[in-house]
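Engineer: To start, I am sharing the structure in question, which I have written as structure tokens.
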Amino acid sequence: MNQPLAISPVQQYLERLHAELQTVSAGEIASYIPELTRADPDWLGIALVTVDGHVYQVGDSRQPFTVQSISKAVSYGLALEDRGLDAVLSKVGVEPTGEAFNSISLEPDTGRPLNPMINAGAIATTGLIEHEDGVDPLQHLLEAFRRYCGRELSIDEAVYRSESETGHRNRAIAHLLYGHGILDRRPEEVVDLYFRQCSMLVTARDLALMGACLANGGVNPVSGIVALKSDWVHRVLSIMSTCGMYDFSGGWIFNVGMPAKSGVGGGIMAVLPGQFGLGVFSPRLDDKGNSVRGIRVCERVSRDFGLHMFNVAQGTSASVIRRGYDCGQAPSRRRRGDLQQRWLQQHGERIRVLELQGQLLFGSAESVALQVLGALDDAEALIVDLKRLIDMDQASAGLLGDLCAKAQASGSYLFFTECRHLYPFRRHLQKSVIASQTPDWLVFDETDRALEWCESALLLQAGLPEAEGQGPALESQYLFAGFDEAELDAVRAAGAVQRFAPDTLIVKVGEPADCLYAILEGEAEVWVRTEEWPGKGGRLRLTTLGPATVFGEIGLLSDQDRTANVTAQSAMVCLQVPFAALDDALCAKMLVNLAAHFAEMLKRNARLLQYLA
1 MNQPLAISPV QQYLERLHAE LQTVSAGEIA SYIPELTRAD PDWLGIALVT VDGHVYQVGD
61 SRQPFTVQSI SKAVSYGLAL EDRGLDAVLS KVGVEPTGEA FNSISLEPDT GRPLNPMINA
121 GAIATTGLIE HEDGVDPLQH LLEAFRRYCG RELSIDEAVY RSESETGHRN RAIAHLLYGH
181 GILDRRPEEV VDLYFRQCSM LVTARDLALM GACLANGGVN PVSGIVALKS DWVHRVLSIM
241 STCGMYDFSG GWIFNVGMPA KSGVGGGIMA VLPGQFGLGV FSPRLDDKGN SVRGIRVCER
301 VSRDFGLHMF NVAQGTSASV IRRGYDCGQA PSRRRRGDLQ QRWLQQHGER IRVLELQGQL
361 LFGSAESVAL QVLGALDDAE ALIVDLKRLI DMDQASAGLL GDLCAKAQAS GSYLFFTECR
421 HLYPFRRHLQ KSVIASQTPD WLVFDETDRA LEWCESALLL QAGLPEAEGQ GPALESQYLF
481 AGFDEAELDA VRAAGAVQRF APDTLIVKVG EPADCLYAIL EGEAEVWVRT EEWPGKGGRL
541 RLTTLGPATV FGEIGLLSDQ DRTANVTAQS AMVCLQVPFA ALDDALCAKM LVNLAAHFAE
601 MLKRNARLLQ YLA
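Mapping of the sequence shown onto the UniProt record's numbering: position 457 corresponds to residue 457, and the numbering continues sequentially without gaps.
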């Protein structure tokens, strides 16, 4: 019998919170729009959507209600996209008023509304929304909401008519704005669009998803669609922080500490940038027009989880730098000849790796930059592994980009690896960094590939290239150490020289392990298929093999089939030796060398594990 799935702690928390606040009965339903009085005062819906796209909801989270003033945040972002910042600022300011939402707060000389969250500013903002010829501006606005909510929204025609029949003050505001030159379209046209905008039907889940779009840099975390260009997200959130909760905005940011927007329909949309969007619906309002239980929900979430946006964790190099090591402590997975391995063990400090984690902000980035500079003074190559870095801000990208020029000036190599998820950083390096390096700073996706390249470059510089003094000779292969010339001749006679073109599959998983291959020239990659590695086409590289190495020799110990694939990375020359063609004395001597090789590998791995632990 299947066991029930565990309930998320977030879901459990929201259910407890909903149960606790369900009994709160303070506040009154908005009555100045008659149709709003039809709402059930006991409705309470809560929804939370994370930037990873996880949706949690409880209570009346799917109960439709009219969005009202929460629409102002969406229309402001749309106006910024359509007209640009300068055009919008020339018509609408950004200053809080401390007055009611329907106050006529205009600058005395210009007639410009003080901010886009009061009705005067919202009407001016709606008037700024552009649309192509022949395209209904309402459809343009509805399309914007569709991107945020991931579905088509409809208009509550009854509420629209109610607002239109009673919205004389808003009509007066529109005409006043037209008289000051703030509106460039007919007042009746603009105010009608504004009434329809406020009458769109949403749910608490919709509000949470809208907030999650803003928390996620403008991208809908469920659909992946861009709801608002990232350039404008911080502008919208700034206005929501200072002006979003009517004349309670100061108390809100003091107590809750999240950008938010409320509506007299009973909804609140709150945003914790980089983390989640929170949507609450409860129709009972306080004397400032905000949902009583909605405020209580947001206050509790903020307090219970310490989510006030000014409770910022200290970003230091200690929290961002996961670890640093050199290739003597943790070499690449490439198997090399004994001479090369011993040399790298002795000189490994000349290649260093720095692993970063978490979020890189300016303060911690400055400390990281100093550590990188210190490493570049002592090492000839530095690899900065960004696989575990969640994000970095613009300042951090700039500081790391500056290190490229310093690395070039010092004559050291610098590589940034495992950073495909950090697109803004990659774009900054590609477009803004003047310095250049061959290979490029970003050429290696995997840290191990970069480490392998640096090792090979260092060996070449030291006069110890892979093929030095090896060629077709078998003496350099560990498996034939201590063999005299007659024994080596016997091995050669038992085998045959094989040549493989690049990308040839030499060994395949499941084949009989009946022979070994001694690499004389070229390189091969050992790999397996795994569903855990979808980003690499399901192909996980285990190691790289070059001259003076052997593969397939484990078949000497067991008659089990092959457990990994081997593919030629370049043109290869190998001596293929069938086990059946070897006499017992040769096999016994190979087994002794194989045991010694395994013992050395165990010692190296023990040192590595001791270091990593």
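Backbone N, C-alpha and C fix where the C-beta goes; we use that ideal spot for every residue, glycine too.
Report the three-state DSSP secondary structure of Trp252 (helix, strand or coil).
Structural biologist: Looking at Trp252 - three-state DSSP - the assignment turns out to be helix.
Engineer: Pairs of beta-carbons, one from the stretch 373 to 385 and one from the stretch 403 to 419, closer than 8 angstroms: are there three or more?
Structural biologist: A contact exists between the stretch 373 to 385 and the stretch 403 to 419.
Engineer: Can you tell me the Cβ-Cβ gap for Ser302 and Ser262, rounded? I've got them flagged as a contact below 8 angstroms.
Structural biologist: Not really, about 15 angstroms apart at Cβ, beyond 8 angstroms.
Engineer: So what does DSSP say about Pro137, is it helix, strand or coil?
Structural biologist: Pro137 falls in the helix class under three-state DSSP.
Engineer: Per DSSP, Asn565 forms a beta bridge with which residues?
Structural biologist: Asn565 pairs with Trp527.
Engineer: Since I believe His428 is in contact with Ala397 (beta carbons under 8 angstroms), could you give me their beta-carbon distance rounded to a whole number of angstroms?
Structural biologist: Between His428 and Ala397 the Cβ distance is about 4 angstroms, and since that is below 8 angstroms, they are a contact.
Engineer: Assign Tyr478 to one of two classes, buried (16 or more other C-beta atoms within 10 Å of its C-beta) or exposed (fewer than that).
Structural biologist: With 16 or more Cβ atoms within 10 Å of its Cβ, Tyr478 is classed as buried.
Engineer: State the DSSP-derived secondary structure class of Met572, mapped to helix, strand or coil.
Structural biologist: Of the three classes helix, strand and coil, the one that applies to Met572 here is strand, per DSSP.
Engineer: Indicate the three-state DSSP secondary structure (helix, strand or coil) for Ile351 in the structure shown.
Structural biologist: Three-state result, Ile351: strand.
Engineer: Under the three-state reduction of DSSP, which class applies to Thr110: helix, strand or coil?
Structural biologist: Coil, per DSSP.
Engineer: Report the three-state DSSP secondary structure of Val226 (helix, strand or coil).
Structural biologist: Val226 falls in the strand class under three-state DSSP.
Engineer: Tell me the rounded alpha-carbon separation between Arg38 and Gly294.
Structural biologist: If you take the alpha carbons of Arg38 and Gly294, they lie about 19 angstroms apart.
Engineer: State the start and end residues of the unbroken alpha helix (DSSP H) segment that holds Glu81.
Structural biologist: Counting along the chain, the alpha helix (DSSP H) containing Glu81 begins and ends at Ser71 to Arg83.
Engineer: Is the separation between the beta-carbon of Ala120 and that of Leu177 shorter than 8 angstroms?
Structural biologist: Result yes, Cβ atoms of Ala120 and Leu177 sit closer than 8 angstroms.
Engineer: Span of the alpha helix (DSSP H) holding Gly294?
Structural biologist: Here the alpha helix (DSSP H) through Gly294 covers Val292 to Phe305.
Engineer: What's the C-alpha gap between Arg420 and Leu373?
Structural biologist: For Arg420 and Leu373, the distance between alpha carbons rounds to 24 angstroms.
Engineer: Sort Ser332, Asn311 and Ala513 by Cα distance to Phe551 and report the nearest one.
Structural biologist: If we check each option's Cα against that of Phe551, Ala513 comes out closest.
Engineer: For Glu468, name the three-state secondary structure that DSSP assigns.
Structural biologist: Low local confidence applies: a pLDDT of 44 at Glu468 is under 50, so the model's placement there is unreliable, and no value is given.
Engineer: Check for me: the beta strand (DSSP E) holding Met117 runs from which residue to which?
Structural biologist: Taken as a continuous stretch (DSSP letters only), Met117 belongs to no beta strand (DSSP E), as it is neither H nor E.
Engineer: Should Lys508 be labelled buried (16 or more other beta-carbon atoms within 10 Å of its own) or exposed?
Structural biologist: Answer is exposed; the Cβ neighbour count stays below 16.
Engineer: Would the beta-carbon of Gly546 fall within 8 angstroms of that of Ile519?
Structural biologist: Taking 8 angstroms as the Cβ cut-off, Gly546 and Ile519 qualify as a contacting pair.
Engineer: Tell me, which residues are paired with Pro578 by DSSP?
Structural biologist: In DSSP, Pro578 forms a bridge with Cys515.
Engineer: Using 10 angstroms around the beta-carbon of His168, count the other beta-carbons present and answer buried if the total reaches 16, otherwise exposed.
Structural biologist: It counts as exposed.
Engineer: From which residue to which residue does the alpha helix (DSSP H) around Ala172 run?
Structural biologist: Residues His168 to Gly179.
Engineer: Suppose the cutoff is 6 angstroms on Cβ atoms and the five residues either side in sequence are ignored; what does the same chain contact list for Leu14 look like?
Structural biologist: The residues are Ile46, Tyr56 and Val58.
Engineer: Once DSSP output is grouped into helix, strand and coil, what is the label at Leu14?
Structural biologist: Of the three classes helix, strand and coil, the one that applies to Leu14 here is helix, per DSSP.
Engineer: Nearest-angstrom Cα distance between Gly337 and Thr504?
Structural biologist: Approximately 23 angstroms between the Cα atoms of the pair.
Engineer: In terms of residue numbering, what span does the alpha helix (DSSP H) encompassing Ser410 cover?
Structural biologist: Where Ser410 is concerned, the enclosing alpha helix (DSSP H) stretches over Gln394 to Ser410.
Engineer: When every heavy atom of the ligand GTP is checked, does at least one fall within less than 7 angstroms of the C-beta of Asp584?
Structural biologist: In terms of ligand content, the structure shown is empty, and the ligand GTP therefore cannot be addressed.
Engineer: Which same chain residues, not among the five before or five after Val51, have their C-beta less than 8 angstroms away from its C-beta?
Structural biologist: Hits under 8 angstroms: Ala212, Ala215, Asn216, Pro221, Gly274, Gln275 and Phe276.
Engineer: Are the Cβ atoms of Gln22 and Leu36 separated by less than 8 angstroms?
Structural biologist: Not a contact, by the Cβ cut-off of 8 angstroms.
Engineer: Our contact map puts Thr110 next to Met200 with C-beta atoms below 8 angstroms; I'd like the distance itself, whole angstroms only.
Structural biologist: Not confirmed; about 31 angstroms, so no contact.
Engineer: Please check the pair Leu361 and Leu386, which I expect to be a contact at CB under 8 angstroms, by giving their CB distance rounded to whole angstroms.
Structural biologist: Going by Cβ atoms, the distance from Leu361 to Leu386 rounds to 14 angstroms, so no, they are not a contact pair.
Engineer: What residues match up with Phe276 in a beta bridge as DSSP calls it?
Structural biologist: Answer is Thr50 and Leu272, bridged to Phe276.
Engineer: From Gly265 to Phe254, what distance separates their C-alpha atoms?
Structural biologist: Going from the Cα of Gly265 to the Cα of Phe254 covers about 24 angstroms.
Engineer: Using C-beta distances below 6 angstroms, list every residue in its chain close to Leu174, excluding the 5 sequence neighbours before and after it, in chain order.
Structural biologist: According to the sequence provided, residue 174 is Ala. The question's Leu does not apply to it. Once the five neighbours on either side are set aside, the close Cβ partners of Ala174 are Ile123, Pro187, Val190 and Val191.
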